[in-house]
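To start, the structure under review is shown below, and the notes come after it.
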Amino acid sequence: MKRLFLAAASVFSTAAIFFPSAKADEAALFACIQKYTALGVSPDAALTECKQKSLASCIKGLLGKDILIVSSTKVPATRKIPTGYLIDLGDDQETWMDGGEWRDRKCNPVVDKQSKTDRIGDPWNGVQKLEWFRYGTCPSNEFNTGSAYTLNSAETACKKKAIEESI
Numbered sequence: 006m007k008r009l010f011l012a013a014a015s016v017f018s019t020a021a022i023f024f025p026s027a028k029a030d031e032a033a034l035f036a037c038i039q040k041y042t043a044l045g046v047s048p049d050a051a052l053t054e055c056k057q058k059s060l061a062s063c064i065k066g067l068l069g070k071d072i073l074i075v076s077s078t079k080v081p082a083t084r085k086i087p088t089g090y091l092i093d094l095g096d097d098q099e100t101w102m103d104g105g106e107w108r109d110r111k112c113n114p115v116v117d118k119q120s121k122t123d124r125i126g127d128p129w130n131g132v133q134k135l136e137w138f139r140y141g142t143c144p145s146n147e148f149n150t151g152s153a154y155t156l157n158s159a160e161t162a163c164k165k166k167a168i169e170e171s172i
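Under my numbering, the first residue of the sequence shown carries the number 6, and numbering increases by one thereafter.
Listed below in structure tokens is the structure:
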């Protein structure tokens with residue numbers, strides 16, 4: 006049991022050395038595991054419990070805050086895509102924005118990628134085409150969506166962060 010605990014401790018300390026941004030999270034997780042193992046809980050059970058607490062605190066920290074998307078992909082200008090950072094609003098079509106919304110935020114929609122189109126009206130009064138775009142290019146790599154994290158979106162963001170940190 007001590008070997009497993011020492012192995013886990015060495016993995017966490019190695020991760021903290023190579024990924025300094027994760028040092029605080031790893032230190033808190035390590036302290037949590039130590040607390041539970043001191044109470045006689047197995048290291049595996051302690052790790053599971055501490056990860057759940059870590060996920061819960063991450064979700065609690067995001068709830069109600071504005072969703073900020075950070076892009077690391079700089080795209081060169083082409084005929085159809087202007088220069089800038091590629092912003093992806095994700096799979097949820099409810100978060101996609103129309104061209105005007107992208108332009109209001111000083112960005113440009115990427116029209117030749119994924120989009121959703123609706124037509125409203127009738128043939129007698131005219132039909133209006135509405136189109137929402139998943140991708141846009143912006144001059145800055147940070148993009149504030151203007152909407153706040155919900156429980157589901159915060160949980161997804163925290164799980165994604167945990168996966169990225171474990172790689």
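We put the CB at the ideal spot given by N, CA and C, even for glycine.
Inset, instruction - Rounded to whole angstroms, what's the CA-CA distance from Ser26 to Ile125? Just pull it up for me. - result: Because Ser26 sits at a pLDDT of 42, beneath the cut-off of 50, its placement in the model cannot be relied upon, and the following sentence gives the value as read from the coordinates. Ser26 and Ile125: Cα-Cα distance of roughly 48 Å.
Original post:
Is the region 102-121 touching the region 137-149, taking contact as three or more C-beta pairs under 8 Å?
Top reply: yes
Inset, instruction - Pick helix, strand or coil for Lys118, following the three-state DSSP scheme. - result: coil
Open item on the list: If you measure between the beta carbons of Ile38 and Ala159, is that distance less than 7 Å?
Closed with: no
Applying the 10 Å Cβ sphere with the 16-neighbour rule, what's the burial state of Leu67? So Leu67 counts as buried.
Problem set entry | Three or more C-beta pairs below 8 Å linking the region 86-95 and the region 137-146 | yes
Quick check on the burial criterion: 16 or more other C-beta atoms within 10 angstroms. Buried or exposed for Val115? buried
Q) Taking the alpha-carbon positions, what's the Lys165 to Asp96 distance? A) 14 Å
So for Asn113, helix, strand or coil by DSSP? strand
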